[in-house]
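Engineer: Right, I'll just put the structure down here and ask away after.
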Amino acid sequence: MTAGLWQNWVLPGIWITVQLLLYSAALAGFVAFAVGMARTHRSRVVRFLAGAYTEIFRGTSALILMFWLFFVLPPLLGWQLVPMWAAVLALGLSYGAYGAEIVRGALGSVAPAQREAGVALSFTPWQRMRLILLPQAVPEMIPPFCNLLVELLKGTALVSLLGVGDVSFAAYLVRLATQESAQIYTISLVIYFVIAFVITRSMKALEKKTKSNIGVEALGGGAK
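Right, dumping it as structure tokens:
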């Protein structure tokens, strides 16, 4: 592969993939916490709406949602989403639904005595959530969130079907230009692996930090 192909297609593709991952992860994280906390709300209506969102977006294809946002929504609203943001919305909303179940499960794992202590201290529901439940639940969310982030990274390859110049689309163009598949697709596999490795190591460090903040030692983090 020539230096020109690398500089003009592959490197920009890596940057677009990273941007897609960051933007989609930010949206998915917001959705996950908002919907996940709503799943534990006292109001039955709020829990029903949050549950409906989770079931709908977990049960639909991110790819089809991406196509719907890009091809179907514009005629309905009268404006066109650029492919990048259609992809971010589709990925963020879809993976946020999975993240919501992680948040709900982690909040549910906090000992009931902790909730009762917050009530005894006359904390409001939001104070109990912010000061008691989330600090203990967040460390438990990190390992499954790490897995979800890696899955989201791999899901960004779907955007190539909209013509977004990510790593997978760049690999397709290079293959057309060189008629060589083995080299470019091997490089693409390595690129995705490196990004995924950075994600997993960063999340392990974050897990260790959040557990140390509440006096819990992360698995494998004991004294040697």
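Going left to right, the sequence shown walks through residues 1333 to 1556 as the numbering used here numbers them.
All residues carry an ideal CB built from backbone N, CA and C; glycine is no exception.
Treat the numbers as computed from the prediction; the structure is a model and nothing was measured.
#1: When the Cβ atoms of the stretch 1336–1343 are set against those of the stretch 1496–1510, are three or more pairs found closer than 8 Å?
#2: So is Ile1388 buried or exposed if we call it buried at 16+ other beta carbons inside 10 Å?
#3: Are the CB atoms of Asp1498 and Thr1510 nearer to each other than 7 Å?
#4: Around the Cβ of Glu1539, are there at least 16 other Cβ atoms within 10 angstroms (buried) or fewer (exposed)?
#5: Is it buried or exposed, Leu1521, if we count other Cβ atoms within 10 angstroms and call 16 or more buried?
#6: If you reduce the DSSP assignment to three classes, tell me which class Ala1419 lands in.
#7: Which whole-angstrom value is the C-beta distance of Lys1543 and Pro1457, which I expect to be below 8 Å?
#8: Please determine if the stretch 1424–1434 and the stretch 1466–1486 are in contact, where contact requires at least 3 C-beta pairs separated by less than 8 Å.
#9: Where does Val1435 fall in DSSP's three states?
#10: Using the beta-carbon count (16 or more within 10 Å), is Arg1374 buried or exposed?
#11: Counting only runs of 3+ residues fully inside the stretch 1430–1509, write out the beta strand (DSSP E) ranges in chain order.
#12: Classify Gly1554: buried if its beta carbon has 16 or more other beta carbons within 10 angstroms, exposed otherwise.
#13: Arg1460 and Gly1450 - do their beta-carbons sit closer together than 7 Å?
Structural biologist: According to the data block:
#1: Touching, per the Cβ criterion.
#2: Only exposed fits Ile1388, as fewer than 16 other CB atoms lie within 10 angstroms of its CB.
#3: No. Outside cutoff.
#4: Taking all protein chains shown into account, Glu1539 has 16 or more neighbouring C-beta atoms within 10 Å of its C-beta and is therefore buried.
#5: So Leu1521 ends up on the exposed side.
#6: DSSP places Ala1419 in the helix class (H, G or I) of the three-state scheme.
#7: About 25 Å; that fails the 8 Å criterion.
#8: Judged by Cβ distances under 8 Å, the stretch 1424–1434 makes contact with the stretch 1466–1486, as three or more pairs qualify.
#9: Reduced to three states, the DSSP call for Val1435 is helix.
#10: Its Cβ having fewer than 16 others within 10 Å, Arg1374 is exposed.
#11: Taking only runs of at least 3 residues, no beta strand (DSSP E) segment lies wholly in the stretch 1430–1509.
#12: In this predicted model, Gly1554 has a pLDDT of only 42, less than 50, meaning its place in the structure is not dependable enough to derive any value.
#13: In this structure, Gly1450 lies near Arg1460, with their beta-carbon atoms less than 7 Å apart.
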